[in-house]
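>
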DNA sequence: ATCGATAATGTTATAATATAACATATGCGC
DNA sequence: GCGCATATGTTATATTATAACATTATCGAT
């Protein structure tokens, strides 16, 4: 891992919610990161390896919470609109069914996104 | 449907790929749409009713291809990176499993996103 | 050790996407 | 007609993402 990737990755590991590229930029300014591109480049590399995931629904990024996701299976995210937590899961049977749905249509899947937005257990009960 | 919503909706119905808000703005300038907000407002209302869907992976919008999606079931999109087509499907069993996954965690789902990016059958065989 | 290729960095500028804040108009029940 | 809710319009600005180009490490082959 290069310098910038390490900085970005460690920050994401400590975060308790998805961070935007600009959140990251701001947090790492005093560590020598000065431009958006430095962040986006690090994120691209990290995502490529499955060390971080992009959360499409919030334009944010999280560190992989599962086995540094070599990424055979789809990640399923539950996103709380209240506390902003992003919890990652996998589910072999959903993955299989989704793959089958694509295969049926001769669709060659390269990347899958599954995100559920709503209220987490904690926020629900408040 | 209001004037602006009608304009936006009809444009999306004719499109063969997801359109960005600014694509829509440009296409409807001569129909009197002049500002991004006019488009975003129309899209918000249309999406609320299930008449259009936002495609998170491409920051674009499509008209619902299925029964003007009263929206009981999740929409599953297959997005071709080559021709940019966005085909919509539903699958009761995937929906159910995903719902169950949330329920198990006491997660109150408000919205679900499932998107598969890759190559469609046509583009694959070229 | 140094040349040269490859990957990583840094920097400025700008593109693309989305919303805030405020002013005006329009339809509709009373 | 009055008052309220909803729809519109407009300007400005925030947020997210990339292009283009210059510079610097890194490291193996000679």
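Residue numbers (my numbering), protein chains in the order written: chain A, 1 to 126; chain B, 1001 to 1126.
Every residue, glycine too, gets a C-beta built ideally from N, C-alpha and C.
As the structure is a computational prediction, the values presented were derived from the model and not from experiment.
With a cut-off of 8 Å, does the C-beta of residue 1053/B fall near any C-beta of chain A?
Locating residue 1053/B in the second chain gives position 53, counting from the first residue. Chain A, which has no Cβ nearer than 8 Å to the Cβ of residue 1053/B, makes this no.
> At a CB-CB cut-off below 9 Å, which residues of chain B make contact with residue 107/A?
Looking up residue 107/A in the first chain gives position 107. By Cβ distance, chain B contributes 1078, 1080, 1087, 1116, 1118, 1119, 1120, 1121, 1124.
> Does the beta carbon of residue 66/A come closer than 8 Å to any beta carbon on chain B?
Translated into the one-based positions of the first chain, residue 66/A becomes position 66. It does not: the Cβ of residue 66/A has no partner Cβ on chain B nearer than 8 Å.
> Taking Cβ-Cβ distances shorter than 8 Å, what residues in chain B pair up with residue 110/A?
The residue given as residue 110/A occupies position 110 in the first chain. In chain order: 1081, 1117, 1118, 1119.
> Pair every Cβ in the segment 1023 to 1035 of chain B with every Cβ in the segment 1007 to 1015 of chain B, then say whether three or more of these pairs are closer than 8 Å.
At 8 Å Cβ cutoff, the stretches touch.
> Can you list, in chain order, the residues of its chain with a C-beta nearer than 8 Å to that of residue 54/A? Leave out the 5 residues immediately preceding and following it.
In the first chain, residue 54/A corresponds to position 54, counting from 1. If we look at residue 54/A and ignore the five residues flanking it on each side, its Cβ neighbours are 43, 47, 60, 61.
> If the criterion is Cβ atoms closer than 8 Å, does the pair residue 66/A and residue 88/A meet it?
Here residue 66/A is taken as the residue at index 66 of the first chain, counted from 1. Here residue 88/A is taken as the residue at index 88 of the first chain, counted from 1. Yes, the Cβ-Cβ distance between residue 66/A and residue 88/A is below 8 Å.
> Can you pull the chain A residues whose beta carbon is under 8 Å from the beta carbon of residue 1102/B, in chain order?
Working through the second chain from its first residue, we reach residue 1102/B at position 102. What residue 1102/B touches in chain A: 78, 116, 118.
> Residues of chain A with a CB under 8 Å from the CB of residue 1056/B: which are they?
The residue labelled residue 1056/B in the question sits at position 56 within the second chain. What residue 1056/B touches in chain A: 56, 57, 113, 115.
> Taking all protein chains shown into account, do 16 or more other C-beta atoms lie within 10 angstroms of the C-beta of residue 96/A, making it buried, or fewer, making it exposed?
To locate residue 96/A, count along the first chain from 1; it is residue 96. Residue 96/A is exposed by the Cβ-count criterion.
> Is the shortest distance between the beta-carbon of residue 1072/B and the beta-carbons of chain A less than 8 Å?
Numbered from 1 along the second chain, position 72 holds the residue referred to as residue 1072/B. Chain A contact via Cβ: absent.
> When DSSP builds the beta bridges, which residues end up paired with residue 109/A?
On the first chain, position 109 is the one that residue 109/A refers to. Residue 109/A is bridged to 1118/B.
> Among 1115/B, 1038/B, 1017/B, which one has its Cα closest to the Cα of residue 995/B?
The first residue shown for chain B is 1001 and the last is 1126, placing residue 995/B beyond what the model contains.
> Taking residue 115/A and residue 1113/B to be in contact with their CB atoms under 8 Å, please state how far apart those CB atoms are, rounded to whole angstroms.
By one-based count along the first chain, residue 115/A stands at place 115. By one-based count along the second chain, residue 1113/B stands at place 113. That pair is a contact at about 4 Å.
> How is the beta strand (DSSP E) around residue 80/A delimited, first residue to last?
Your numbering for residue 80/A matches position 80 in the first chain. Start and end: 76 to 80.
> Pull out every residue of the segment 32 to 46 of chain A whose Cβ sits closer than 8 Å to any Cβ of chain B, in chain order.
Going along the segment 32 to 46 of chain A in chain order, one finds no residue with a Cβ nearer than 8 Å to chain B.
> Taking C-alpha atoms, which residue in 1105/B, 1063/B, 1001/B, 1005/B lies nearest to residue 1015/B?
As a first step, residue 1015/B is located in the second chain; it is residue number 15 there, counting from the start. Out of 1105/B, 1063/B, 1001/B, 1005/B, 1063/B has the C-alpha closest to the C-alpha of residue 1015/B.
> What is the rounded straight-line gap between the Cα of residue 1006/B and the Cα of residue 1041/B?
By 1-based counting over the second chain, the position of residue 1006/B is 6. By 1-based counting over the second chain, the position of residue 1041/B is 41. Computed Cα separation, rounded: 12 Å.
> Verify whether the separation of the beta carbon atoms of residue 1084/B and residue 1017/B is less than 8 Å.
Taking the second chain and counting its residues from 1, one reaches residue 1084/B at position 84. Taking the second chain and counting its residues from 1, one reaches residue 1017/B at position 17. Result yes, Cβ atoms of residue 1084/B and residue 1017/B sit closer than 8 Å.
> Compare the C-beta of residue 1030/B with all C-beta atoms of chain A and state if any pair is closer than 8 Å.
The residue labelled residue 1030/B in the question sits at position 30 within the second chain. So, not an interface residue.
> For the beta strand (DSSP E) that residue 88/A lies in, which residues bound it at each end?
In the first chain, the residue the question calls residue 88/A occupies position 88. Looking at the DSSP string, the run of the beta strand (DSSP E) that includes residue 88/A is 86 to 89.
> For residue 109/A, collect the residues of the same chain with a Cβ closer than 7 Å to its Cβ; drop the 5 residues on either side in sequence, then sort them by chain order.
In the first chain, residue 109/A corresponds to position 109, counting from 1. Excluding positions up to five away in sequence, the list reads 99, 102.
> Tell me the DSSP secondary structure of residue 33/A in three-state form.
In the first chain, residue 33/A corresponds to position 33, counting from 1. Three-state result, residue 33/A: coil.
> How about residue 1094/B and residue 94/A: do their beta carbons lie closer than 8 Å?
Taking the first residue of the second chain as position 1, residue 1094/B is located at position 94. Taking the first residue of the first chain as position 1, residue 94/A is located at position 94. Their beta carbons are under 8 Å apart, which means residue 1094/B touches residue 94/A by this criterion.
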